[in-house]
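In my numbering, the protein residues as written are -17 to 326. Think of the CB as a built atom: it goes at the ideal place given N, C-alpha and C, for glycine as much as any other residue.
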Amino acid sequence: MKNLLRILMALLVVMTTAMSCSDDDGEDMEMPVDDSLYGVLGGTTLVDDPNNPGTQIEQGRLNLRAVVDSTIFVIAADQRLSPYFEVLLSEVGNNNLSGFAALSSSLTDFFAVATGAENFTYSGMNMTDAHDPEVNSRMSFAADDTAMDAFIEDLVAGAAKNGVTDPDIIQPIGQLLESLRDVVVQRTETLYARLGGTTMVDDPNNSGQMIEQGRLTFRAVVDSTIFVIAADQRLQPYFEVLLSEVGNNDLTGFAALSASLTDFFSVAAGATTQTYTGLSMADAHDPSVNSRMAQAADDAAMDAFIEDAVQGLAQNGVTVENNGPLVREIGALINSLRGVVVQR
-17 MKNLLRILMA LLVVMTTAMS CSDDDGEDME MPVDDSLYGV LGGTTLVDDP NNPGTQIEQG
43 RLNLRAVVDS TIFVIAADQR LSPYFEVLLS EVGNNNLSGF AALSSSLTDF FAVATGAENF
103 TYSGMNMTDA HDPEVNSRMS FAADDTAMDA FIEDLVAGAA KNGVTDPDII QPIGQLLESL
163 RDVVVQRTET LYARLGGTTM VDDPNNSGQM IEQGRLTFRA VVDSTIFVIA ADQRLQPYFE
223 VLLSEVGNND LTGFAALSAS LTDFFSVAAG ATTQTYTGLS MADAHDPSVN SRMAQAADDA
283 AMDAFIEDAV QGLAQNGVTV ENNGPLVREI GALINSLRGV VVQR
């Protein structure tokens, strides 16, 4: 009888152990495994939100938000991209962070959903409208492929600032961004082409001759801008030699400057049938190299030059009111030279 009891007790232990193991195995099999990119970034694990004491945030969202915020700051310092975000940067410069907070939240939502998050939704503009300056007034002008490439580079830099450098994470994010290129990039023609390009038209300054429409447009704006500068007391001191010549009815310097600047901006805007053979922008604005530059320019002079160029555009029918994106794009092209033009 005692032996029978021992056997029954042994069987009971074995059965209990087996049932316990079976239950544990069942629980393991039912536990969902988040192998999405969002899951790799921390997924739904709740952690303290460093930006909002006393609240928690999903680790995946926290990591994405950190990368987004860092990327925005990288972009702000990137002269290739900062012109696209003039509204935002102006706000931040005036200590207004509402636009920054809204952009951070919207982009974090977008990337969270795109990487597999299930507890968030993206309710912002579609990517086409968000990058169309005619729809989204916070987008200064339409992006081209170069801008898209720069954005991807800056996002990688933003991720690196947060310790995210694993190719298994970076590459899928890069692929995600590449999948958006066709809707984000809405400027495929060069600026030169959009201003008339290589279409041949009569040259109003040279009877019987033809000129490319793109070059004619730039020449008209350059000439108008020079005359605006001539009346601008902020800039007159820099061009004493030229203004003295013009005052003596000697227009050779004016003609040379007009041709040189027209060459430069045509090529910078994408012209392929012309070349620029003048001084580098650094040498052209260095009085010790270029004797026609009376003194080195400072940031205030650069700002004044851009303002005068905008007036030159307006005198040729291109204004912020009727073509704001084009005005801002040309302004950005000029401003991209600030680092070499400003030498004081």
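- In this structure, the straight-line span from the alpha carbon of residue 219 to that of residue 274 is close to 11 Å.
- In the structure shown, residue 204 adopts helical secondary structure according to DSSP, grouped into three states.
- Residue 136 is a Cβ neighbour of residue 56, given a cutoff of 8 Å.
- Cα atoms of residue 270 and residue 240: separation of roughly 22 Å, rounded to the nearest angstrom.
- Linking residue 152 to residue 143 through their CA atoms gives a straight-line distance of about 13 Å.
- No residue range can be given for residue 275, since it is assigned to no beta strand (DSSP E) and is classified by DSSP as neither H nor E.
- Only buried fits residue 317, as 16 or more other CB atoms lie within 10 angstroms of its CB.
- With 16 or more neighbouring CB atoms inside 10 Å of its own CB, residue 45 falls in the buried class.
- In this structure, DSSP gives residue 141 a helical state, which the three-state scheme calls helix.
- Taking the Cβ atoms as the reference, residue 324 lies roughly 14 Å from residue 265, outside the contact range of under 8 Å.
- Around the C-beta of residue 128, fewer than 16 other C-beta atoms lie within 10 Å, and the residue is accordingly described as exposed.
- Distances from the alpha-carbon of residue 163 to those of 186, 149 and 132 put 132 closest.
- Secondary structure of residue 184 (DSSP, three-state): strand.
- In the structure shown, residue 284 falls within a helical segment according to DSSP collapsed to helix, strand and coil.
- Within its own chain, the residues whose Cβ lies closer than 6 Å to the Cβ of residue 62, once the five positions on either side in sequence are excluded, are 132, listed in chain order.
- For the pair residue 277 and residue 186, the Cα-to-Cα distance works out to about 34 Å.
- Shown here, residue 51 sits in a helix according to DSSP, grouped into three states.
- In this structure, residue 121 and residue 66 form a Cβ contact; the two beta carbons are roughly 6 Å apart against a cut-off of 8 Å.
- For residue 116, the three-state secondary structure derived from DSSP is coil.
- Each of 149, 299, 167 and 255 was checked against the Cα of residue 114, and the nearest Cα belongs to 167.
- In the displayed model, residue 162 falls within coil according to three-state DSSP, outside both helix and strand.
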